[in-house]
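**Q** Going by my numbering, the sequence shown opens with residue 10, and the numbers climb by one from there. Using N, Cα and C, we set each Cβ at its ideal position, and we do this for glycine too.
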Amino acid sequence: MVNQMLLINLQNYHINKLFYSNKKYFLKNKGSIKLDSQSSGGFTLLEVLVTVLIIGILSAIAAPSWLAFTDRQRINKVNDEVFGGIQEAQREAKKTKRSYSVWFRESSGNAEYSIMPTKKPDNTDYAATDITAWKPLGGEVGVKSRKFLLRTNMTANNTAGLVTTSNSLATARKITFDYLGLLSEANLGTAPTGSDDPPGLRIVVAIPDTPNSTTPGTTKRCVIVQTLLGGMRTAKDSACNS
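(1) Taking the C-alpha atoms as reference points, what is the distance between residue 58 and residue 68?
(2) Do the region 192-200 and the region 116-129 touch if we need at least three Cβ pairs shorter than 8 Å?
(3) Among all the DSSP beta bridges, which residues are the ones paired with residue 215?
(4) If contact is defined by three or more beta carbon pairs under 8 Å, each pair taking one atom from either stretch, is the region 132-150 in contact with the region 221-228?
(5) Counting Cβ pairs, one atom from each stretch, are 3 or more of them under 8 Å apart for the region 232-251 and the region 85-97?
(6) Taking the C-alpha atoms as reference points, what is the distance between residue 182 and residue 168?
(7) Is residue 64 buried or exposed, if buried means 16 or more other CB atoms sit within 10 Å of its CB?
(8) Which stretch, first to last residue, makes up the beta strand (DSSP E) that contains residue 116?
(9) For the beta strand (DSSP E) containing residue 123, name the first residue and the last one.
(10) Skipping 5 residues on each side, what residues in its chain have a beta carbon closer than 7 Å to that of residue 110?
In structure tokens form, the structure reads like this:
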């Protein structure tokens, strides 16, 4: 024990002596000492590899969260555009005192919509094939159509199916407002068990479950035309199916 203490004290003595002698030398010659940052700086190969490895691990952890965040931002913007399109058709119907429709479709992988009068000058209904002024959905907010899927619970024009239905819009569907801005000719569907509310007419924007898939994932936004008065609301994710 005594020998250990003597050894420790001796080590401390030499360390202190070395420190103070170097300190005196530095203070005495500080005017002539120049540090060469290029020769004393830099990283070893091991340090660089460790840094790259850490950055890679952090990127792998953060990437899925960042992608999910950007996906949500995209479909929020597109859903706002869907909501705005339906509202615009309703406003035009009230303003012009004539029936107006908003059409939605997917064509060659591109989601599109069109707002126009329901009737031709000869008082017959416009068909989807008559429409030439289709707008890209998401185009006004900088989102490409191929980044999302467009679905609906409508089984026919102005006709709602089950809330869990996810019909493709390869066949265009329309929501029509009469001259008062009401859904006077709509079928909003049958209320599911345990609910007093019909499913309403739903336009759903969804992120694919995998890249380039045509199957919607769980990240969804939707606009629901809920009442014959034209009342609308938005929902997200599982609420778009319930």
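**A** Quick look at the numbers:
(1) Locating residue 58 in the sequence shown gives position 49, counting from the first residue. Locating residue 68 in the sequence shown gives position 59, counting from the first residue. Cα to Cα, residue 58 sits roughly 15 Å from residue 68.
(2) no
(3) To locate residue 215, count along the sequence shown from 1; it is residue 206. Beta-bridge pairing links residue 215 to 158, 229.
(4) no
(5) Pairwise C-beta distances place the region 232-251 in contact with the region 85-97, as three or more of them are shorter than 8 Å.
(6) Indexing the sequence shown from 1 puts residue 182 at position 173. Indexing the sequence shown from 1 puts residue 168 at position 159. Rounded to the nearest angstrom, the two C-alpha atoms are 9 Å apart.
(7) Locating residue 64 in the sequence shown gives position 55, where the first residue counts as 1. Per the 10 Å Cβ criterion, exposed.
(8) Counting from 1 along the sequence shown, the entry for residue 116 is found at position 107. In the DSSP assignment, residue 116 falls within the beta strand (DSSP E) that extends over 109-116.
(9) The residue labelled residue 123 in the question sits at position 114 within the sequence shown. For residue 123, the uninterrupted beta strand (DSSP E) run begins and ends at 119-126, by DSSP.
(10) Position 101 of the sequence shown, counted from the first residue, corresponds to residue 110. Hits under 7 Å: 98, 125, 127, 183, 184, 185.
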